[in-house]
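In mature numbering (1 follows the signal peptide of the UniProt record, and there is no 0), the protein residues as written are -24 to -1, 1 to 478.
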């Protein structure tokens, strides 16, 4: 009997796939490679996927389609194609594709990342924009970022001359998230660098490292029935860890009634959300509180620490940029105090450096997928409803038709007026574009700029060896470096007096 049901499921899957293919065939479909029955173009998608798609775009053009199992994809690799989607069809592509991960890990789709476009999403967007990422909120939380960056400097001084920057940046961003959410640190200075501290960071990354929105079960739903590679069980275990962690923070606050970070009225994010729940319980459910708190760790930690690591790697390979950056910071900040959050607007070259890092190594090289809710036309091609949109930011950021010397690290390319930057259009999109663009970009830019600027201000840095730092990306979903960064530090003589006060 089990065999009968297996064959029945396989038959139905094949039937539905063929039916979908037949009804979606149109004369003006985007170009696509040769596909294999059932699996489609799965055999072409070798990791890293963004490089594979870049290679395919060079053959099939900046807009082409793919199919993997029952999923259809539209891949964009040019600014004009992205603009066509965002300006003319933004609402049609304002949804996210449904997936096993989003079903199991988004608190019933109440996450700002995976929530369907509509009233709930708009309310969530308004909430996090006002309570977390507004200019007022960021200014009020600046002292926390400054304090934690100075803590990082202290730990560098206490540690070996060969600093493990991969670990240091990981601790920094998780502590930032923890302070904003609950008012306490995740890894304090007492356990920084110890076996306990390193284990805690590994556990945090295992729980909150971003997962692929789509996996093999989503391409071939029949696999989900048979528990293919225990994907679903693994996601359930991970979400259980996340939920226990977030619930623990909420429970601890409710028991202690203590908040250390002043967002608006002396409140941490958890306290703010619980206060809103008292006034509007019909909207601020427990799931909403958990999903908003969770997204601070899922979307705001690994991406920021990875960007910091890429930034330091590029700077170590380009000492002339370090020299220019150091001169700018010295001129504006001097040697009697540490770099502050309020100094960042006066450091345009530092912003150029971070912008160039994000161009070369965007934290999400394929951005977060979009999903078409209706049939539409893009660049004259018919795009059917139910198509997943992939924007290859990696390819656009390195397109020689868009950027001069696209593979070179040249922060000066961003030294332009506001009007000139507006003319860049859709060729620079490390945080996405349109209504589903990342709302956390202001916080990310501030955190990364403050950390990198402070390390350059306080220390002279050298590579571990004579060879250039390896810039090969890893194969993970968070776009981390294949080889964790280590570097040699020396206190700058002009900063010795200030550093001795830490």
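Don't be surprised by glycine CBs; every beta carbon is placed ideally from N, CA and C.
Nearest neighbour of residue i, chosen from the options [CA to CA]
{"i": "residue 80", "options": "91, 71 and 70", "result": "91"}
{"i": "residue 144", "options": "31, 132 and 136", "result": "132"}
{"i": "residue 8", "options": "14, 230 and 48", "result": "48"}
{"i": "residue 146", "options": "173, 449, 111 and 138", "result": "173"}
{"i": "residue 469", "options": "441, 439, 457 and 432", "result": "432"}
{"i": "residue 53", "options": "62, 99, 40 and 414", "result": "40"}
{"i": "residue 214", "options": "404, 78, 28 and 375", "result": "78"}
{"i": "residue 435", "options": "474, 420 and 403", "result": "474"}
{"i": "residue 210", "options": "227, 351 and 191", "result": "191"}
{"i": "residue 315", "options": "417, 424, 333 and 246", "result": "424"}
{"i": "residue 421", "options": "456, 280, 477 and 472", "result": "280"}
{"i": "residue 338", "options": "318, 414 and 355", "result": "414"}
{"i": "residue 115", "options": "427, 419, 478 and 22", "result": "419"}
{"i": "residue 447", "options": "229, 401, 333 and 352", "result": "333"}
{"i": "residue 109", "options": "227, 268 and 253", "result": "268"}
{"i": "residue 449", "options": "477, 25, 417 and 42", "result": "25"}
{"i": "residue 61", "options": "301, 351 and 266", "result": "351"}
{"i": "residue 405", "options": "465, 175, 392 and 367", "result": "367"}
{"i": "residue 185", "options": "17, 478 and 340", "result": "340"}
{"i": "residue 83", "options": "417, 265 and 374", "result": "265"}
{"i": "residue 105", "options": "245, 202, 362 and 151", "result": "245"}
{"i": "residue 193", "options": "467, 36, 75 and 140", "result": "75"}
{"i": "residue 437", "options": "461, 38 and 426", "result": "461"}
{"i": "residue 287", "options": "129, 103, 427 and 32", "result": "427"}
Cross-strand partners of residue i (DSSP beta bridge)
{"i": "residue 462", "result": "140"}
{"i": "residue 16", "result": "12 and 44"}
{"i": "residue 50", "result": "41 and 365"}
{"i": "residue 391", "result": "Partner(s): none; residue 391 has no beta bridge."}
{"i": "residue 457", "result": "449"}
{"i": "residue 467", "result": "435"}
{"i": "residue 347", "result": "71 and 364"}
Straight-line gap, residue i to residue j (C-alpha atoms, nearest Å)
{"i": "residue 13", "j": "residue 200", "result": "20 Å"}
{"i": "residue 463", "j": "residue 171", "result": "21 Å"}
{"i": "residue 126", "j": "residue 372", "result": "36 Å"}
{"i": "residue 236", "j": "residue 412", "result": "Because residue 236 carries a pLDDT of 44, less than 50, the predicted location of this residue cannot be relied on, and no value is offered for it."}
{"i": "residue 320", "j": "residue 57", "result": "34 Å"}
{"i": "residue 207", "j": "residue 323", "result": "46 Å"}
{"i": "residue 153", "j": "residue 359", "result": "39 Å"}
{"i": "residue 306", "j": "residue 291", "result": "17 Å"}
{"i": "residue 403", "j": "residue 410", "result": "13 Å"}
{"i": "residue 285", "j": "residue 258", "result": "42 Å"}
{"i": "residue 459", "j": "residue 439", "result": "14 Å"}
{"i": "residue 313", "j": "residue 455", "result": "34 Å"}
{"i": "residue 376", "j": "residue 383", "result": "9 Å"}
{"i": "residue 357", "j": "residue 4", "result": "5 Å"}
{"i": "residue 55", "j": "residue 168", "result": "44 Å"}
{"i": "residue 111", "j": "residue 117", "result": "10 Å"}
{"i": "residue 381", "j": "residue 23", "result": "25 Å"}
{"i": "residue 96", "j": "residue 223", "result": "22 Å"}
{"i": "residue 176", "j": "residue 225", "result": "16 Å"}
{"i": "residue 260", "j": "residue 407", "result": "27 Å"}
{"i": "residue 271", "j": "residue 361", "result": "28 Å"}
For residue i, the first and last residue of its enclosing alpha helix (DSSP H)
{"i": "residue 29", "result": "25 to 36"}
{"i": "residue 357", "result": "Residue 357 -> not in any alpha helix (DSSP H); beta strand (DSSP E) instead, spanning 357 to 359."}
{"i": "residue 273", "result": "262 to 274"}
{"i": "residue 328", "result": "324 to 336"}
{"i": "residue 284", "result": "278 to 293"}
{"i": "residue 72", "result": "Careful: residue 72 lies outside any alpha helix (DSSP H) and carries neither H nor E."}
{"i": "residue 479", "result": "Nothing can be reported for residue 479: it is not among the residues displayed for the chain, which extend from -24 to 478."}
{"i": "residue 480", "result": "The first residue shown for the chain is -24 and the last is 478, placing residue 480 beyond what the model contains."}
{"i": "residue 243", "result": "First-last for residue 243: undefined, no H or E at that position."}
{"i": "residue 104", "result": "95 to 107"}
{"i": "residue 472", "result": "472 to 475"}
{"i": "residue 165", "result": "No alpha helix (DSSP H) contains residue 165, which DSSP labels as neither H nor E."}
{"i": "residue 89", "result": "No alpha helix (DSSP H) holds residue 89; DSSP gives it neither H nor E."}
{"i": "residue 55", "result": "55 to 59"}
Residue interval of the beta strand (DSSP E) (run including residue i)
{"i": "residue 363", "result": "363 to 367"}
{"i": "residue 352", "result": "352 to 354"}
{"i": "residue 437", "result": "435 to 438"}
Min CB distance residue i to chain D below 8 Å
{"i": "residue 208", "result": "Here there is only one protein chain, and chain D is not present."}
Is there contact here, the stretch 384 to 394 with the stretch 317 to 332, by at least three beta-carbon pairs under 8 Å? yes
Would you call the stretch 267 to 280 and the stretch 295 to 309 touching, i.e. three or more CB-CB distances under 8 Å? Output reads no: the stretch 295 to 309 does not touch the stretch 267 to 280.
Taking contact to mean 3 or more Cβ pairs, one atom from each stretch, closer than 8 Å, check whether the stretch 57 to 73 and the stretch 333 to 350 are in contact. yes
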